[in-house]
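Note sheet for the following structure.
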Amino acid sequence: MKVGEKLAEQTASEVSASKSASEKRRQSSKKSGRKQKKLGPMPSAVQRLFETCKEVFANGGPGIVPSPGDVDRLRSILDNVDASDVGLTPKMPYFRRGASKGRPPITYLHIYECDKFSICIFCLPPSGVIPLHNHPGMTVFSKLLFGSLHVKSYDWVNRPQDSAEIVDPLHSVQPPGLRLAKVKTDGTFTAPCRTSVLFPQDGGNLHCFTAKTSCAVLDVLGPPYSDPEEGRDCTYYNDFPYASFCGDAEFLTDDVEYAWLEERKKPDEFIVDGANYSGPKIMDQ
Numbered sequence: 001m002k003v004g005e006k007l008a009e010q011t012a013s014e015v016s017a018s019k020s021a022s023e024k025r026r027q028s029s030k031k032s033g034r035k036q037k038k039l040g041p042m043p044s045a046v047q048r049l050f051e052t053c054k055e056v057f058a059n060g061g062p063g064i065v066p067s068p069g070d071v072d073r074l075r076s077i078l079d080n081v082d083a084s085d086v087g088l089t090p091k092m093p094y095f096r097r098g099a100s101k102g103r104p105p106i107t108y109l110h111i112y113e114c115d116k117f118s119i120c121i122f123c124l125p126p127s128g129v130i131p132l133h134n135h136p137g138m139t140v141f142s143k144l145l146f147g148s149l150h151v152k153s154y155d156w157v158n159r160p161q162d163s164a165e166i167v168d169p170l171h172s173v174q175p176p177g178l179r180l181a182k183v184k185t186d187g188t189f190t191a192p193c194r195t196s197v198l199f200p201q202d203g204g205n206l207h208c209f210t211a212k213t214s215c216a217v218l219d220v221l222g223p224p225y226s227d228p229e230e231g232r233d234c235t236y237y238n239d240f241p242y243a244s245f246c247g248d249a250e251f252l253t254d255d256v257e258y259a260w261l262e263e264r265k266k267p268d269e270f271i272v273d274g275a276n277y278s279g280p281k282i283m284d285q
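189 is the number that UniProt numbering gives to position 189 of the sequence shown; each next residue is one higher, with no gaps.
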């Protein structure tokens, strides 16, 4: 081989080696860049919840239920939120029973609200009660952050088509001012437990909370309550066993219990105090 050919071959080899080294540096730089991005601050649990709510309720409105996939996605986010994520501990003043007689006040912490959804927390001391109320046209996610809470919930029975199946013909006349409902849930939940979900027509759209211990409930409502003119104001109810207005008749069809509900004014003993939310803030961009 001639000297010139050897030099050309050597030069080509050096160029190839140089290109290879340059390529390795670029790949290393890319990896380094990716590593730097991963080391950036992670969004808070509340921020992740907010971003998911924006997506899930983007096309929402009264009576519009998110897709099953979106319900599962938002539920999964809430399942992984705990009290520390929202700056709460059971030792805070909100959760003390106090010395006064009667029902203790409930504390409401506002986190976020728009026309599509709202995020808030209810803080209940022992024996605190949120009385039976409805959620018109709403899909509601409730996450028990800590403590034990008794929940009793109902769904309306759509009469008259359902009445023939469950109401004794001798007692089939609906009492004035009452409406038939079926019990959806009647039990005590203790954290940690899965997020509960109720829908506009089922899942326990009307419910009552009673604190067995101090507890906190993180609620997501889509859409939120609105003025009475828009039909999404909160309505309160008294509940009565079915037999209360139908003689000795008691109906337990397929292990389902029925009751009569009566609209009422907001109970005087139900006192809600607002307080500032002190957990991680939401960045709404």
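For every residue, glycine included, the Cβ atom is placed at its ideal position computed from N, Cα and C. Computed from a prediction, not measured in an experiment: that's the story for all the values here.
Compare the C-alpha of residue i against each of the options and name the closest.
i           : options                           : result
Asp219      : Asp202, Met138 and Phe95          : Met138
Pro224      : Phe141, Ser84, Ile130 and Ala83   : Phe141
Lys152      : Leu74, Asp79 and Asn238           : Asn238
Tyr94       : Ile77, Lys116, Val71 and Pro126   : Pro126
Arg264      : Asp72, Pro105, Cys215 and Gly177  : Gly177
Gly63       : Ala181, Gly222, Glu229 and Asn134 : Gly222
Tyr242      : Arg179, Ala83, Gly98 and Lys184   : Arg179
Gly102      : Gly128, Ser118, Val81 and Ile119  : Gly128
Phe240      : Asn80, Ala259, Glu229 and Ser226  : Ala259
Val81       : Thr213, Ser214 and Ala191         : Ala191
Ser214      : Pro90, Asp70, His150 and Gly204   : Pro90
Phe245      : Gly147, Pro175 and Pro105         : Pro175
Ser100      : Gly279, Gln285, Ile271 and Ala83  : Ile271
Ser226      : Gly61, Arg48 and Phe50            : Gly61
Ser118      : Pro68, Lys54 and Cys208           : Lys54
Ser148      : Phe199, Pro68 and Phe209          : Phe209
Thr188      : Phe50, Ala211 and Arg48           : Ala211
Ala275      : Glu257, Met283, Met92 and Glu269  : Met92
residue 293 : Cys234, Ala83, Gly69 and Pro68    : Lying before the first or after the last residue shown, residue 293 is absent from the chain, which here runs from 1 to 285.
Given 6 Å as the limit, tell me if residue i has its C-beta closer than that to any heavy atom belonging to the ligand FMN.
i      : result
Val151 : As for the ligand FMN, it is missing from this structure, which has no ligand bound.
If I measure Cβ to Cβ from residue i and keep anything under 7 Å in the same chain, skipping five residues before and after, which residues do I get?
i      : result
Pro136 : Gly231 and Arg232
Gln161 : Because the pLDDT at Gln161 is just 48, under 50, the model does not fix this residue reliably, and the point stays unresolved.
Cys193 : Leu144
Asp186 : Lys152
Val3   : Bear in mind that a pLDDT of 41 at Val3, under 50, signals an unreliable position, so the number given afterwards is only what the model happens to contain. Closer than 7 Å at Cβ, skipping near neighbours: no residue.
Cys114 : none
Leu170 : Here Leu170 scores only 38 on pLDDT, less than 50, and its place in the model should not be relied on; the value that follows carries that caveat. For Leu170, where only same-chain residues beyond five positions count, there are no Cβ hits under 7 Å.
Ser196 : Ser142
Ala8   : With a pLDDT of only 45 at Ala8, under 50, the local geometry of the prediction cannot be trusted, and the value read off the model is given with reservation. Excluding positions up to five away in sequence, the list is empty.
Gly204 : Ser153, Tyr154, Asp155, Lys184, Thr185 and Leu198
Met1   : Confidence at Met1 is low in this model, with a pLDDT of 45, below 50, so its placement is unreliable and no value can be given for it.
Taking the beta strand (DSSP E) that residue i belongs to, which residues open and close that run?
i      : result
Val56  : Where Val56 is concerned, there is no enclosing beta strand (DSSP E), although the alpha helix (DSSP H) it sits in stretches over Ala45 to Val56.
Arg73  : Per DSSP, Arg73 belongs to no beta strand (DSSP E); it is in the alpha helix (DSSP H), Pro68 to Asp79.
Ile130 : Val129 to His133
Terminal residues of the continuous alpha helix (DSSP H) containing residue i?
i      : result
Arg194 : Neither: Arg194 is in no alpha helix (DSSP H) and is coded neither H nor E.
Go through its chain and collect everything with a Cβ distance to residue i's Cβ below 6 Å, but skip five positions before and after it.
i      : result
Pro267 : Pro131
Arg96  : Pro125
Asp202 : Asp155
To which residues does DSSP link residue i through a beta bridge?
i           : result
Lys143      : Leu218
Leu149      : Phe189 and Ala211
Ala275      : Leu109
Glu262      : Asn238
residue 335 : As shown, the chain starts at 1 and ends at 285. That puts residue 335 outside it, with no answer to give.
Asp155      : Lys182
Leu206      : Tyr154
Closer than 8 Å by C-beta to residue i: which residues in its own chain qualify, once you throw out the five before and the five after it? Chain order, please.
i      : result
Ile121 : Val86, Leu88, Tyr108, Leu109, Ile111, Leu145, Ala216, Val217, Leu218, Asp219 and Tyr277
Ala58  : Lys116
Thr52  : Arg73, Leu74 and Ile77
Leu206 : Leu132, His133, Asn134, His135, Ser153, Tyr154, Asp155, Trp156, Ala181, Tyr237 and Leu261
Pro66  : Val56, Phe57, Gly60, Leu74, Thr139 and Gly222
Asp273 : Pro105, Ile106, Thr107 and Tyr108
Asp79  : Lys143, Arg194 and Thr195
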